[in-house]
Amino acid sequence: MSSEVAIRATHLGKAFPVYARPHHRLLQMLSPGPANRWYREFHALRDVSFEIPRGQTVGIVGRNGSGKSTLLQVLCGTLSGSAGEVEVHGRVAALLELGAGFSPEFTGRENVYLNATVLGLSRREVDERFDSIAAFADIGEFIEQPVKTYSSGMYVRLAFAVAIHVEPDILVVDEALAVGDEAFQRKCFARIEQIRQAGATVLFVSHSAGTVIELCDRALLLDGGELVADGAPKQVIGLYQKLLYAPAGRLAELREQARANPVAALAGQESARDAAPAAEAAADAGPEPWFDESLRPASTLAYAAQGASIEDPHLTTPDGRRVNVLVAGREYVYRYQVRFEQAAAGVRCGMMMRTVTGIEACGAVTSTPEQALPVVEAGARLAVAFRFRCLLAAGVYFLNAGVLARLGEGEAYLDRRIDVAMFRVLPDAGRLDTGLVGMDVVPALARALDEGVAS
Ligand SMILES: Nc1ncnc2c1ncn2[C@@H]1O[C@H](COP(=O)(O)OP(=O)(O)OP(=O)(O)O)[C@@H](O)[C@H]1O
Ligand SMILES: [Mg+2]
């Protein structure tokens, strides 16, 4: 049975000594022993227990400083725990945070050999795979340069290329992939998928809700060094996002809630199947959209206005209630007002919704240029509203607003605001479509009749 378990952590803890002043570290070295303590202990991990069966893909999520990297390092043995036990069965290839793994003075080629042999390949095996590793990393001539000359992206490319070529039983990835460019990330995720298909256990830390939901069978949520949720990715991500956007005063309460209502632990495939209907039932009871004070964009940008100004951009439900945490599939209205200090001609207004990475998810204008409002007099105020059904995937989105008018031959913005408001779409456990936007796809699945055999 235990060979079916890839990783088991039992009451795992990790405490770091923290010195109030730099010279206290020295004093501690000079006077060891329990009587003289020049430090206090900081618990980066506390009483963490879980079991990961072979072949499972597990996402680890949590706020910055919650203990994710510490946990991975203890599991991989690059850090030792200070309490509890860790059991790991199988060959582990790890991509930990930058800095771990390669020797800076050696070239890329030398590091490939060092690294792959540490991971258990023979020299001949590395010889056989070297070209393929170099091709995957795709860093050209740099493979012959010392690793200290690499950009962080090149470093990650090479480290990942090695990790996937040693045929690991367990692949551990700590967010490192976020450093690579998008094309490389796609390539890596495709490769992780292959490694999964081959039956390996995959453990990775990610801040991307979409990636965890798409890729993982299970997710663990760490907060303040404690494991506060363990279960189906959509549910765990839901809790994580609540913690992420919670006002400081409500954190402790939310954490308690998460712990008091643990998402069913998915120890194996059987319990995974059992847990799914329960999760869906919970989603049916359904959250209602609400307003979260703390969801305020930090990147708002206003272009110099020319005679008009956009005021109070916000989202409401159709009956006028202000919201910014949305339940997918329902209708909302994006509203703002425009105050005209000067008269304007040929007026129309627009909006845009963008993802965190800047992808334009959806935009709209109030009319074509031909049908623009012919005249708006000075002192007037316009109320602008864009009603929409929210078909976006779970995640955070930013809103733009703009008012256009005819100026001479062309059109120009009288006022334009970027990232004036933000909103979050809650994960929907029942969602069958994937990708950024749902298009009301109607899936069908039936047993096809085998016509060739008939008659
Ligand atoms: N060597 C160390 N000495 C003291 N404290 C440490 C040490 N390493 C980590 N910590 C602390 O332990 C806590 C957990 O750190 P860790 O790096 O595991 O967080 P994380 O969840 O990976 O965060 P992030 O999302 O920012 O990567 C942090 O508060 C960090 O300051
Ligand atoms: Mg980390």
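Under the numbering used here, think of the first position of the sequence shown as 2, with each following residue one higher. Just so it is clear, CB atoms sit at the ideal spot from N, CA and C, and this is done for glycine as well. Keep in mind that this is a model prediction, so the values were computed, not measured.
Requested in this report: Might you give, ordered along the chain, the residues of its own chain that have their beta carbon closer than 8 Å to the beta carbon of Phe-143, omitting 5 neighbours on each side?
Outcome: Beyond the five residues adjoining it in sequence on each side, Phe-143 comes within less than 8 Å, by CB distance, of Gly-109, Thr-150, Tyr-151 and Met-155 in the same chain, given in chain order.
Query raised in the report: Apart from the five residues just before and just after Pro-319, which ones in its own chain have a Cβ nearer than 8 Å to its Cβ?
Result: Glu-332, Tyr-333, Val-334 and Arg-388
Query raised in the report: Smallest Cα separation from Val-326: which of Arg-297, Ser-83, Ser-207 and His-90?
Result: For Val-326, the closest of Arg-297, Ser-83, Ser-207 and His-90 by C-alpha to C-alpha distance is Arg-297.
Report task. Starting from Phe-103, follow the alpha helix (DSSP H) in both directions and report where the run begins and ends. Result -> Here Phe-103 belongs to no alpha helix (DSSP H), and DSSP marks it neither H nor E.
**Report entry** Sequence ranges, beta strand (DSSP E) only - wholly within the region 363 to 433, length at least 3
**Finding:** Counting only runs of 3 or more, we get 374 to 377, 382 to 390, 396 to 408 and 411 to 426.
Query raised in the report: From Arg-340 to Val-404, what does the alpha carbon distance come to, in whole angstroms?
Result: 10 Å
Query raised in the report: Of all residues in the structure, which have a C-beta closer than 6 Å to any heavy atom of ligand 1, taken in chain order?
Result: Phe-17, Val-19, Phe-43, Ala-45, Gly-63, Asn-65, Gly-66, Ser-67, Gly-68, Lys-69, Ser-70 and Thr-71
Query raised in the report: Does ligand 2 have a heavy atom nearer than 7 Å to the CB of Asp-224?
Result: no
Query raised in the report: Using a C-beta cutoff of 8 Å, does Val-167 count as contacting chain C?
Result: Considering every chain present, this structure includes no chain C. It has just one protein chain.
**Report entry** Buried versus exposed, by CB contacts within 10 Å (16 or more), Thr-435
**Finding:** exposed
Query raised in the report: Does the region 207 to 220 touch the region 31 to 40, meaning 3 or more C-beta pairs lie closer than 8 Å?
Result: No, the region 31 to 40 does not touch the region 207 to 220.
Requested in this report: Output the distance between the C-alpha atoms of Gln-372 and Asp-429, rounded to the nearest integer angstrom.
Outcome: Their Cα atoms are separated by approximately 38 Å.
Query - Residue span of the alpha helix (DSSP H) that contains Thr-356, given as start and end - result: For Thr-356, there is no enclosing alpha helix (DSSP H); the enclosing beta strand (DSSP E) covers residues 345 to 356.
Query raised in the report: Taking all protein chains shown into account, do 16 or more other C-beta atoms lie within 10 angstroms of the C-beta of Val-75, making it buried, or fewer, making it exposed?
Result: With 16 or more Cβ atoms within 10 Å of its Cβ, Val-75 is classed as buried.
Report task. In angstroms with no decimal places, state the Cα-to-Cα distance between Leu-122 and Val-167. Result -> Cα to Cα, Leu-122 sits roughly 7 Å from Val-167.
Query raised in the report: Anyone know if the C-beta pair for Ile-53 and Thr-212 falls short of 8 Å?
Result: Not a contact, by the Cβ cut-off of 8 Å.
Report task. Look up His-44 in the DSSP assignment and give the residues it is bridged to. Result -> Ala-16
Query raised in the report: Is the CB-CB distance between Arg-124 and Ala-138 below 8 Å?
Result: no
Requested in this report: Return helix, strand or coil for Gln-338, following the three-state DSSP convention.
Outcome: strand
Query raised in the report: In its own chain, which residues sit with a C-beta less than 6 Å from the C-beta of Arg-130, not counting the 5 before and 5 after it?
Result: Here the set comprises His-166.
Query raised in the report: Is Glu-176 near ligand 2, in the sense that its beta carbon is under 7 Å from a heavy atom of that ligand?
Result: yes
**Report entry** Pairwise C-alpha distance: Gln-198 and Leu-228
**Finding:** 28 Å
**Report entry** Neighbourhood of Gly-200 by C-beta, 6 Å cutoff - its chain only, sequence neighbours within 5 removed
**Finding:** Gly-56
Query raised in the report: Can we count Val-75 as close to ligand 2, meaning its CB is less than 7 Å from some heavy atom?
Result: no
Report task. For the region 176 to 196 and the region 396 to 410, state whether three or more C-beta atom pairs, one from each stretch, are separated by less than 8 Å. Result -> At 8 Å Cβ cutoff, the stretches do not touch.
Requested in this report: Could you tell me the distance, in whole angstroms, from the CA atom of Lys-69 to the CA atom of Asp-48?
Outcome: 14 Å
Query raised in the report: Is the region 391 to 401 in contact with the region 356 to 372, if contact means three or more CB pairs nearer than 8 Å?
Result: yes
Query raised in the report: Taking DSSP as the reference, what is the three-state secondary structure of Thr-58?
Result: strand
Requested in this report: Report the three-state DSSP secondary structure of Gly-85 (helix, strand or coil).
Outcome: strand
Query raised in the report: Which residues in the same chain as Ala-283 place their Cβ atom closer than 7 Å to its Cβ, once the five residues preceding and following it in sequence are excluded?
Result: Low confidence applies here, because Ala-283 scores a pLDDT of 41, under 50, leaving its location unreliable; read the following figure in that light. Cβ neighbours of Ala-283 beyond the five flanking positions: none.
Requested in this report: With DSSP as the reference, label Phe-205 as helix, strand or coil.
Outcome: strand
Query raised in the report: Between the Cα of Arg-323 and the Cα atoms of Ser-310, Glu-289 and Gln-343, which residue gives the shortest distance?
Result: Glu-289
Query raised in the report: Any heavy atom of ligand 2 closer than 7 Å to the CB of Val-366?
Result: no
Requested in this report: Give a yes or no on whether the C-beta atoms belonging to Thr-71 and Ala-45 are separated by under 8 Å.
Outcome: yes
Query raised in the report: Would the C-beta of Val-376 count as close to ligand 2, meaning under 7 Å from any of its heavy atoms?
Result: no
Query raised in the report: Taking the alpha carbon of Leu-204 as the point to measure from, which residue in Ile-8, Ser-81 and Pro-105 has its own alpha carbon closest?
Result: Ile-8
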